[in-house]
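A.B. asks:
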Amino acid sequence: MIRKATLLAVLSAVLLAPMAAAAPSTAAAIVSRQSFAVTITSITPDIPKNLTDVIKFTGTVRNDTGVPQSGLRVRLRYTPQRFTDRALMAAYQTDQNVATLPRTPSSNSAMDIEPLAPGQTARWEFTATPVQMGLREFGVYPIAVDVSQHLVSLAAQRTYLTYAPATVPKPPRNKLAIALPVIDQPHRATDVDPAPGANGEALFVDDKLSQSITGKGRLADVAAIARSAPTSVTWFIEPSLLDDLDAMTRNYRVRKKDGAERKPANAEAGQWLTTMRTSLASSPVVAVPYADPDVAALAHQGLDDLTNRAIQLGGQKAKALLGRDVKTTVNWPASGLLDPDALDLLSVSDDKVDRVLLNSTNLPPEPPVTFTPDAATTLDSVNGPVTALVADPELSRLFEPAGSTSVLLSTQRFIAETAMIAAEPGQTRPRSLVVAPSRRWDPNPTLVTSLMKTANRLPWLELTTLESIKPSKASVPRAGLTYTDEDRKEELSAKYLEPVKDVALNAQLTALITTTRTQSSFEAAVLRLTSSAWRNSTRMGRSVTNRVSTAVTERMAKVEIVEARPDRPKTLAGSNGVVPISVRNSLGAPIALYIDVKSNNPNLLRVDFEQEEPLSIGVGQSGTVQVPMTAMSGTSGDTTVTVQLRTADGKAYGKPQRLTIRTTGYTGVASVIVGAALTVMLAAVVTRVVRRRSERKSARAARNRESETV
């Protein structure tokens, strides 16, 4: 029976081998069905330099089929043909067809594996020298290890080996700048909880930061990388993240469905901030605009001013919370994509952004090239030239590989990619390269640290700061900013930003109406609404917008027109008179405003009022203006006037309010009656005066007669 099973297995292998060669999908199905895991755990040295260097390859093979397996063999597979370009390297890595694996030159590169029970792992090891492998020239060579059963390859692991013989001329030493982001999403709506009894504590919409900065949290991993990163690494730090963490170092509150839960001061938040301050003390730091706004969307939806304020506030917050100077003239836009409108908006900001870090799809070479282009080029903006730095997509992806790619394989790939760039035909002078993983990456600290250490020791690389990368003679022509319709669809939409515009306007009014005219206390809150983080979470963004809108509306309502009896009309006695209009200030700051009053029916009532000086009202006080009004002759009844509060620069504050004015319309009769009454009153007065004088004369004459008698 055993012999029959073996014979059937051999026949199956003979029949299936041609099918595997002709049909990659069939081979992939076999691998999937058999389910073996092959892992390469070490390659030492990772860069052999001499023909006689002994290269050791070690690893494991695991039986994941669920049933016992025997007749297994592991093979080291390679070829002396080096890769000629990076495109072939990429194709080799993504190819899952076991039939296209490199050939195995000798029997010394194979070893049998003892039968494996389900889930059991066996170790393997191979050694070889560059001479034995046929390696002769500087370059990158394909390496693979596969497991086979009865001549059928079942699973494999692919990687690269870079051979750098010391006897050949050294390749050009290319400059490599690494940009690492520390960017999150906003976690607050307003800065503090406006609820009674909140004592001015910060109010968070979630408590995700407390999880992210501890244990294996994303931001904890970023801090771990910062502790060991070379000082040449450029860090892009989003200041609202620092702001949120700083707020967590004191008692804070987290919104819940039934209110808000009070949280004690978070010691880990303070420790994380301290770690970043210490670790980045000697490294270049760029402050991302506050809350990481979607600059392209703001440019397209008419919210230009918010970008400028985000840059300014970002610089101020980062400088204060990191205790050092930071750059604000460098911008790394959402997804690394800009269009000319967004570029112009950045260039005319007060800080005059003169350098941008972009995705390779945003600025492709024109015409296309077969080699790796220099990272730096120059763009024209409305405010002059702007340096554009284009991140290398493959090198950047290696800093955050998808799936469970091992540190070893990523490091081997990094070595191979950078060596291949140095070996590309036609390179006569050093080029510049930029690494920039995605802006909200979730890094593996061990991997990133390994890659940075590797980059620092490779003879064909020179680590440098991002600022040192400048356009040079090695720069290639580029097509200009390429921004597609799909890119535009990824922006925050006009529908999303429309209510944000209203909130921004009203928030500004709460500052403009004060006598100090300082920046709005809602400035940071409004900027959080524009965060590019809401591109993938518009529901959350809208929820935060609604909360900020409610807080702004409540604050605006603290300056209001007050009426003793708002349900009763004000009566204008006679043809003209004045109507008092009062405003109460509960804002918590002195205000200065204008009151604009207009008649809704000038044929019945004319308003003769123009305020020359603003009405100043102290904290907790009310102010009143007397508004002259004239009723048109022969008219009577009720009419309305519209009262609108305005800031010193004429902006409408709050909603207009309608007041009812009642006019009598009997102005002529009233005059006659008043005149007659005055005549009667005058006659009575005269009569009284004459009578009193007559009485005084009579009294005087009587006294005189009495005196004469005596």
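For the sequence shown, our numbering assigns the number 10 to the initial residue and increments by one for each residue that follows.
Just so it is clear, CB atoms sit at the ideal spot from N, CA and C, and this is done for glycine as well.
Here's a check: name, in chain order, each residue in its chain whose Cβ is nearer than 7 Å to the Cβ of N453, leaving out the five neighbours to either side.
C.D. replies: The sequence position of residue 453 within the sequence shown is 444, counting from 1. Closer than 7 Å at Cβ, skipping near neighbours: no residue.
A.B. asks: How many angstroms separate the CA atom of P377 from the CA atom of K482?
C.D. replies: Here the question's residue 377 lines up with position 368 in the sequence shown. Here the question's residue 482 lines up with position 473 in the sequence shown. Each residue's CA atom was taken as its position, placing P377 and K482 some 18 Å apart.
A.B. asks: To the nearest angstrom, report how far apart G209 and Q630 are at their CA atoms.
C.D. replies: Numbered from its first residue, the sequence shown carries residue 209 at position 200. Numbered from its first residue, the sequence shown carries residue 630 at position 621. For G209 and Q630, the distance between alpha carbons rounds to 23 Å.
A.B. asks: Give a yes or no on contact between the stretch 133 to 152 and the stretch 82 to 98, applying the rule of three or more CB pairs nearer than 8 Å.
C.D. replies: yes
A.B. asks: Just grab the DSSP bridge partners of L654 for me.
C.D. replies: Counted from its first residue, the sequence shown places residue 654 at position 645. By DSSP's assignment, L654 forms a beta bridge with I604, Y662.
A.B. asks: Inspect the beta-carbon positions of L538 and R318 and report whether they are closer than 8 Å.
C.D. replies: For the purposes of this step, residue 538 is identified with residue 529 of the sequence shown, where counting begins at 1. For the purposes of this step, residue 318 is identified with residue 309 of the sequence shown, where counting begins at 1. Not closer than 8 Å, so no.
A.B. asks: Tell me the start and end of each unbroken alpha helix (DSSP H) in the stretch 135 to 177 that is at least 4 residues and wholly inside, in chain order.
C.D. replies: 139 to 142
A.B. asks: Sorry if obvious, but does the Cβ on L596 come closer than 7 Å to a heavy atom of the ligand FMN?
C.D. replies: With respect to small molecules bound, the structure shown includes none, and the ligand FMN cannot be examined in it.
A.B. asks: On the premise that T258 lies in contact with A235, defined as a C-beta separation below 8 Å, what is that separation, rounded to the nearest angstrom?
C.D. replies: In the sequence shown, the residue the question calls residue 235 occupies position 226. In the sequence shown, the residue the question calls residue 258 occupies position 249. Contact doesn't hold; Cβ gap of about 19 Å is too wide.
A.B. asks: Could you check whether I604 and V634 sit closer than 8 Å to each other, using their CB atoms as the reference points?
C.D. replies: Here residue 634 is taken as the residue at index 625 of the sequence shown, counted from 1. Here residue 604 is taken as the residue at index 595 of the sequence shown, counted from 1. Contact: yes.
A.B. asks: If contact is defined by three or more beta carbon pairs under 8 Å, each pair taking one atom from either stretch, is the stretch 224 to 231 in contact with the stretch 303 to 316?
C.D. replies: no
A.B. asks: Going by C-alpha to C-alpha distance, which of A534, K265, S241 sits closest to A464?
C.D. replies: Within the sequence shown, residue 464 is the residue found at index 455, counting from 1. Checked all of A534, K265, S241; the closest Cα to A464 is S241.
A.B. asks: Short of 7 Å in beta carbon distance, which residues of its chain neighbour S405, apart from the five on each side in sequence? Order them along the chain.
C.D. replies: The residue labelled residue 405 in the question sits at position 396 within the sequence shown. For S405, where only same-chain residues beyond five positions count, the Cβ hits under 7 Å are V444, A445, P446.
A.B. asks: What are the residues that DSSP puts in a beta bridge with E426?
C.D. replies: Looking up residue 426 in the sequence shown gives position 417. Answer by DSSP bridge pairing: none, since E426 is not bridged.
A.B. asks: Specify, as a first and last residue, the run of the beta strand (DSSP E) that V231 falls within.
C.D. replies: In the sequence shown, residue 231 corresponds to position 222, counting from 1. Per DSSP, V231 belongs to no beta strand (DSSP E); it is in the alpha helix (DSSP H), 227 to 237.
A.B. asks: Inspect the beta-carbon positions of M549 and M98 and report whether they are closer than 8 Å.
C.D. replies: Position 540 of the sequence shown, counting from 1, holds the residue named residue 549. Position 89 of the sequence shown, counting from 1, holds the residue named residue 98. Not closer than 8 Å, so no.
A.B. asks: Going by DSSP, name the residue or residues bridged to N340.
C.D. replies: Your numbering for residue 340 matches position 331 in the sequence shown. Looking at the DSSP assignment, N340 forms a beta bridge with V365.
A.B. asks: As a quick exercise: from P637, A542, N612, L518, pick the residue whose alpha carbon is nearest that of G586.
C.D. replies: The residue you call residue 586 lines up with position 577 of the sequence shown. Nearest C-alpha to G586: P637.
A.B. asks: Kindly indicate which residue of A516, L668, F380, S44 has the alpha-carbon position closest to the one of R577.
C.D. replies: Residue 577 sits at position 568 when you count from the first residue of the sequence shown. Comparing Cα positions, the closest option is L668.
A.B. asks: Assess, as a yes-or-no matter, whether the stretch 275 to 291 is touched by the stretch 314 to 328 under the definition of 3 or more beta carbon pairs within less than 8 Å.
C.D. replies: The stretch 314 to 328 makes no contact with the stretch 275 to 291; the number of CB pairs closer than 8 Å stays below 3.
A.B. asks: If you count every other CB in all the chains shown that lies within 10 Å of the CB of T437, and 16 or more means buried, which is it?
C.D. replies: Along the sequence shown, read from residue 1 onward, the residue named residue 437 stands at position 428. Residue burial is scored here from C-beta neighbours: T437 has fewer than 16 other C-beta atoms within 10 angstroms and is therefore classed as exposed.
A.B. asks: Bridge partners for R71 per DSSP, in chain order?
C.D. replies: Taking the first residue of the sequence shown as 1, we reach residue 71 at position 62. Note: R71 sits in a beta bridge opposite A46, T130.
A.B. asks: Name the residue from S221, T559, A411 whose alpha carbon lies nearest to the alpha carbon of L456.
C.D. replies: Position 447 of the sequence shown, counted from the first residue, corresponds to residue 456. When only C-alpha atoms are compared, the closest one is A411.
A.B. asks: Go through its chain and collect everything with a Cβ distance to Q166's Cβ below 7 Å, but skip five positions before and after it.
C.D. replies: Along the sequence shown, one-based indexing puts residue 166 at 157. Hits under 7 Å: V47, T48, I49, A153, V154.
A.B. asks: Check each candidate in L442, P623, A534 and name the one with the smallest Cα separation from L521.
C.D. replies: One-based indexing of the sequence shown puts residue 521 at position 512. Out of L442, P623, A534, P623 has the C-alpha closest to the C-alpha of L521.
A.B. asks: By the three-class DSSP mapping on this structure, what secondary structure does S680 have?
C.D. replies: Position 671 of the sequence shown, counted from the start, is the residue given in the question as residue 680. Low confidence applies here, because S680 scores a pLDDT of 46, under 50, leaving its location unreliable; read the following figure in that light. S680 falls in the helix class under three-state DSSP.
A.B. asks: From T338 to L367, what distance separates their C-alpha atoms?
C.D. replies: Position 329 of the sequence shown, counted from the start, is the residue given in the question as residue 338. Position 358 of the sequence shown, counted from the start, is the residue given in the question as residue 367. Taking the Cα positions, T338 is about 15 Å away from L367.
A.B. asks: Take R71 and list the residues in its own chain whose beta-carbon comes closer than 6 Å to its own, dropping the five residues that flank it on each side.
C.D. replies: Locating residue 71 in the sequence shown gives position 62, counting from the first residue. Correct list, in chain order: A46, T130.
A.B. asks: Among Q158, T67, A108, T138, which has the Cα closest to the Cα of S79?
C.D. replies: Along the sequence shown, read from residue 1 onward, the residue named residue 79 stands at position 70. The option with the nearest alpha carbon to S79 is Q158.
A.B. asks: Quick one: Cα of K58 to Cα of P181, how far?
C.D. replies: Here residue 58 refers to the residue found at position 49 of the sequence shown. Here residue 181 refers to the residue found at position 172 of the sequence shown. Approximately 17 Å, taken between the alpha carbons.
A.B. asks: Any beta carbon of chain C sitting closer than 8 Å to that of G632?
C.D. replies: Of the protein chains in the structure, only one exists, and it is not chain C.
A.B. asks: Kindly give me the distance between the Cβ atoms of A256 and A211, rounded to whole angstroms, as I take these residues to be in contact under 8 Å.
C.D. replies: Counting from 1 along the sequence shown, the entry for residue 256 is found at position 247. Counting from 1 along the sequence shown, the entry for residue 211 is found at position 202. Confirmed, about 4 Å.
A.B. asks: In the structure shown, what three-state DSSP assignment does A400 receive?
C.D. replies: As a working note, residue 400 is residue 391 in the sequence shown. Looking at A400 - three-state DSSP - the assignment turns out to be coil, as it is neither helix nor strand.
A.B. asks: If we ignore side chains and look at the alpha-carbon of each, how far apart do V362 and D617 end up?
C.D. replies: As a first step, residue 362 must be located in the sequence shown, where it is residue number 353. As a first step, residue 617 must be located in the sequence shown, where it is residue number 608. For V362 and D617, the distance between alpha carbons rounds to 51 Å.
A.B. asks: To the nearest whole angstrom, what separates the beta carbons of V592 and I570, a pair I think is in contact under 8 Å?
C.D. replies: Looking up residue 592 in the sequence shown gives position 583. Looking up residue 570 in the sequence shown gives position 561. Indeed they touch by this definition, with Cβ atoms about 6 Å apart.
A.B. asks: Compare the C-alpha of A119 against each of V156, D94, E471 and name the closest.
C.D. replies: Here the question's residue 119 lines up with position 110 in the sequence shown. Checked all of V156, D94, E471; the closest Cα to A119 is V156.
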